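Peer 1:
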Amino acid sequence: MTVTKRRRGVLGTLLTPGAIWIVLLYIVPSLLIVVYSFLTKKLGGGVIWEVSLDSYTKLFGYNPGALILNDFVIIFLRTFWWGILTVLTCLFIGYPLAFYVTQQKPATRNLLLLLIIIPFWTNFLVRIYAWKFLLGNNGFINSTILSGLGLRRIPLINTPFAVLIGLIYGALPFMVLPLYASMERFNYSFVEAAQDLGAGYFRVFTRIFFPLTIPGVATGCILVFILAIGDFVVPTVLGGGKVAMVANLLSLQFGNAFDWPFGSAIGVVFILLLMIGIVYYILSEIRKEA
Amino acid sequence: MQTENSEYAPRRSRRLTSRFVRWANRALSLNMVLSFLFLYLPILILVVFSFNDSRLAARWEGFTLDWYRSLLTSRSILSSAKNTLIVAVTSTIIATGLGTMTAIAMERFRFPFRRIYDGLLYIPIVTPEIVTGVSLLAFFSLTFNAINSAFHLTGDSAFRSGLITITLTHVAFNIAFVSVVVRSSLKDFRRSLEDAAQDLGANEWVTFRRITLPLIMPGIIAGALLAFTLSLDNFVITYFVTGPGATTLPIEVFGRVRRSISPEINAISTIMLIISSIFVLASQILQRRK
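Those protein sequence lines, which keep their order, are chains Y and C.
For the record, in the first sequence the residue sitting at position 153 is 171 according to my numbering, with numbers rising by one throughout.
For the record, in the second sequence the residue sitting at position 275 is 672 according to my numbering, with numbers rising by one throughout.
(1) What residues from chain Y crowd round asparagine 689 of chain C, counting only those whose CB sits closer than 8 Å?
(2) Using the DSSP secondary-structure output, state which residues sit across from lysine 60 of chain Y in a beta bridge.
(3) Classify threonine 499 of chain C: buried if its beta carbon has 16 or more other beta carbons within 10 angstroms, exposed otherwise.
(4) I'd like to confirm the pairing. Which residues does DSSP put opposite valine 65 of chain Y in its beta bridges?
(5) Step through the CB atoms of chain Y and report whether any lies within less than 8 Å of the CB of isoleucine 501 of chain C.
(6) Relative to chain Y, which residues along the segment 675-686 of chain C have a C-beta separation below 7 Å, given in chain order?
(7) For leucine 590 of chain C, which residues of its own chain have a beta-carbon under 8 Å away from its beta-carbon, when the five flanking residues on both sides are left out?
(8) Would you give the residue range spanned by the alpha helix (DSSP H) that lysine 584 of chain C belongs to?
(9) Is there a Cβ of chain C sitting closer than 8 Å to that of glycine 234 of chain Y, yes or no?
(10) Determine, using beta-carbon pairs with one atom in the segment 546-555 of chain C and one in the segment 461-479 of chain C, whether at least three such pairs fall under 8 Å.
(11) Counting contacts by CB-CB distance shorter than 8 Å, is tyrosine 198 of chain Y in contact with chain C?
(12) Look at the Cβ atom of aspartate 249 of chain Y, then the Cβ atom of glycine 188 of chain Y, and state whether they are nearer than 8 Å.
(13) How big is the Cα-Cα spacing for leucine 195 of chain Y and alanine 573 of chain C?
(14) Looking at arginine 580 of chain C and glutamate 504 of chain C, is the spacing between their C-beta atoms short of 8 Å?
(15) Span of the alpha helix (DSSP H) holding tyrosine 147 of chain Y?
(16) Using a Cβ cut-off of 8 Å, pull out every chain Y residue sitting near arginine 655 of chain C, in sequence order please.
(17) Do isoleucine 66 of chain Y and lysine 60 of chain Y have their C-beta atoms closer together than 8 Å?
(18) Give a yes or no on whether the minimum CB-CB distance between tryptophan 8 of chain Y and chain C is below 8 Å.
(19) Am I right that leucine 109 of chain Y and valine 235 of chain Y are in contact with their C-beta atoms under 8 Å? What's the rounded C-beta distance?
(20) What whole-angstrom Cβ distance do leucine 517 of chain C and alanine 265 of chain Y have, given they're in contact under 8 Å?
(21) With a threshold of 16 other CB atoms inside 10 Å of the CB of tyrosine 147 of chain Y, please say whether the residue is buried or exposed.
(22) Select from the segment 235-249 of chain Y all residues with a C-beta closer than 9 Å to any C-beta belonging to chain C, and list them in chain order.
(23) Scan the segment 449-477 of chain C for residues whose Cβ lies nearer than 9 Å to a Cβ of chain Y and list them as they occur along the chain.
(24) Roughly how many angstroms separate the alpha carbons of asparagine 156 of chain Y and threonine 162 of chain Y, rounded to a whole number?
(25) Is there a Cβ of chain Y sitting closer than 8 Å to that of valine 603 of chain C, yes or no?
(26) Based on Cα-Cα distance, which residue from Y/Lys76, Y/Ile45 and Y/Tyr206 lies nearest to valine 528 of chain C?
(27) Between the Cα of asparagine 631 of chain C and the Cα atoms of Y/Thr140, Y/Gln213 and Y/Trp149, which residue gives the shortest distance?
(28) Assuming serine 447 of chain C and glutamate 649 of chain C are in contact, meaning their beta carbons sit under 8 Å apart, how far apart are those beta carbons, in whole angstroms?
(29) With a threshold of 8 Å between beta-carbons, can glycine 184 of chain Y be considered close to chain C, or not?
(30) Within the 8 Å Cβ cut-off, does leucine 290 of chain Y reach chain C?
(31) Round the Cβ separation of serine 488 of chain C and serine 674 of chain C to the nearest angstrom and send it over; I've been treating them as touching at under 8 Å.
(32) Can you grab the Cα-Cα spacing for the pair asparagine 402 of chain C / tyrosine 219 of chain Y, in whole Å?
(33) Thinking C-alpha only, which one of Y/Ile296, Y/Phe288 and Y/Val297 is nearest arginine 96 of chain Y?
(34) In the segment 519-538 of chain C, which residues sit with their C-beta less than 9 Å from some C-beta in chain Y, listed in chain order?
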């Protein structure tokens, strides 16, 4: 197709406004954060335009009172560890769930899919509040179930348990939908062929079904991981700031602590780790296929 | 409950095999039931207790509509609901227009650096919201400080974050989401219809108006509905780009949720859940019609 002058004009008109909008509000601010992370903190928020590596030494350096790792590194490690736990749990529940859905008649299947999609769209904050209502000290479990049974109240909220439940709850649909999409495309004549050749269920699953649904597994895992480690609502509402994740640390630096360069450094390192993780994952997938 | 690989099925024994299948099916059903209980029971309890006649604890004391009544007279709820609607309507209109234009450019034109644009459009979808939020906070603050000091603006005439910054930001991420939905509807229909129109003498504009646009209309409306709900529900990014006096509903709810549980939050949550569910259903029906 030859690109005539008029066609080029049309293309420019179509493409430019959206591109400028995203560049201005996504790319430029990200670059700004990179710059800020090398500047000096200004009391009360903002930066002083003097180059400094303080933020990075604060993040990775020795901090008195800590044994081996400083608090910030511990929060990073905790966040990534919980991200992995969330991914594994969602996969463990979501894989058989997606499989169950693919096995149903079209009408049932559509209904179940809709029930999985609805949480996708409904307000996340509200759904996490639902868990605070269940787990809170005056919440449903303590006030209705435990005191109904004559048991003592137990602290459920503001624990790692509450945060993990919230993360899994929020992320589960994001695991199931890509899994479902890859299973729906699966060609069942492969199963028959394998069974004719004498393969049992275990072999059919490990050698045929699972390998062919790996694209869905990968998409689901990446989505869930990004969602879980970046979550701000869950650790704030269900963790009460007592079990902080990276998002709390970020919000604190730009809020009460007012150390923007340090907050920026946290953001930069966080995004870099995320990108390295995803790139590494994709590369290892490619290597496996090769 | 990973059923498929948890038991070794012998290769030839028919009886054992059918027992395995029955057992596996039962485990799959159980996993499905538990998953849906996990997804919906918290929401159900939340809704039920929005009618509970007790302010203090989550123990059932009787039916009341008081909490809904008190929402209608709460000035902070009403004004934040108004702000939310203004932002959602404005950002949906702009983002649907720009997102559709971008989608058409991406699907119907060939141009250099198309892959880069492709990546650009996914940035708002994959960047953790917390990172976007804090970097936009830094970006707007820097921009407004520069403008205000250049033009000596102070007090009420000075630029500051508020409904406008919230709207600008919602447009940015919604362009990405709308363009994904519209692109999939552009991919779906047969290009031969466009070719036929042009063979019959219609120029590109007429072809677009008479053929392409009507065919992708369900996709555009589905994208607009998605944009509208995403804007209504957005909390994390909004939290960081808002300014004094510009409170949206999710921010108002967050402020209350952070403090404690209360039946009023249950009531406002119920209303928000119902509104989003209506939008999901509408969008699903539209997308299924194609």
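Here a beta-carbon is modelled for each residue, glycine too, at the ideal position from N, C-alpha and C.
Treat the numbers as computed from the prediction; the structure is a model and nothing was measured.
Peer 2: The relevant details are as follows:
(1) This structure leaves residue 689 of chain C out entirely; chain C is present only between 398 and 687.
(2) Its beta-bridge partners do not exist; DSSP assigns none.
(3) Counting Cβ neighbours within 10 Å, threonine 499 of chain C comes out buried, since at least 16 surround it.
(4) Paired residues: Y/Lys59.
(5) Closer than 8 Å: yes.
(6) Taking a C-beta cut-off of 7 Å against chain Y, the contacting residues of the segment 675-686 of chain C are Phe676, Val677 and Gln681, listed in chain order.
(7) Excluding positions up to five away in sequence, the list reads Ile608 and Leu612.
(8) In the DSSP assignment, lysine 584 of chain C falls within the unbroken alpha helix (DSSP H) covering 560-585.
(9) The beta carbon of glycine 234 of chain Y does not come within 8 Å of any beta carbon belonging to chain C, so the residue lies off that interface.
(10) No, because fewer than three Cβ pairs between the segment 546-555 of chain C and the segment 461-479 of chain C fall closer than 8 Å, the two stretches do not touch.
(11) Not closer than 8 Å to any Cβ of chain C, the Cβ of tyrosine 198 of chain Y fails to qualify, so no.
(12) Taking 8 Å as the Cβ cut-off, aspartate 249 of chain Y and glycine 188 of chain Y qualify as a contacting pair.
(13) One Cα belongs to leucine 195 of chain Y, the other to alanine 573 of chain C, and the distance between them is close to 20 Å.
(14) Cβ atoms of glutamate 504 of chain C and arginine 580 of chain C: closer than 8 Å.
(15) Its alpha helix (DSSP H) spans residues 142-153.
(16) Those within 8 Å of arginine 655 of chain C in chain Y are Thr254 and Val255.
(17) Contact: yes.
(18) Residue numbering for chain Y in the displayed model covers 19 to 308; residue 8 of chain Y lies beyond these limits and cannot be assessed.
(19) Contact check for leucine 109 of chain Y and valine 235 of chain Y: beta-carbon distance about 7 Å, within the 8 Å limit, so the pair qualifies.
(20) 24 Å between Cβ atoms; not a contact.
(21) With 16 or more Cβ atoms within 10 Å of its Cβ, tyrosine 147 of chain Y is classed as buried.
(22) Within the segment 235-249 of chain Y, those residues whose Cβ lies closer than 9 Å to any Cβ of chain C are, in chain order, Ile240, Leu241, Ile244, Leu245, Ile247, Gly248 and Asp249.
(23) Those would be Leu453, Ala454, Ala455, Arg456 and Trp457, in chain order.
(24) One C-alpha to the other measures close to 9 Å.
(25) Not closer than 8 Å to any Cβ of chain Y, the Cβ of valine 603 of chain C fails to qualify, so no.
(26) When each option's Cα is compared against that of valine 528 of chain C, the closest is Y/Ile45.
(27) It is Y/Thr140 whose Cα lies nearest to the Cα of asparagine 631 of chain C.
(28) In fact, because the Cβ distance is near 16 Å, the residues do not count as touching under 8 Å.
(29) No, glycine 184 of chain Y does not count as interfacial toward chain C.
(30) Under the Cβ distance rule, leucine 290 of chain Y does not count among the residues neighbouring chain C, no pair being separated by less than 8 Å.
(31) Not confirmed; about 21 Å, so no contact.
(32) Annotation note: pLDDT 45 at asparagine 402 of chain C (below 50); position unreliable, coordinate value reported separately. Cα to Cα, asparagine 402 of chain C sits roughly 8 Å from tyrosine 219 of chain Y.
(33) Comparing Cα positions, the closest option is Y/Phe288.
(34) Residues passing the 9 Å Cβ filter: Ile520, Pro521, Val523, Thr524, Pro525, Glu526, Ile527, Val528, Thr529, Gly530, Val531, Ser532, Leu533, Leu534, Ala535, Phe536, Phe537 and Ser538.
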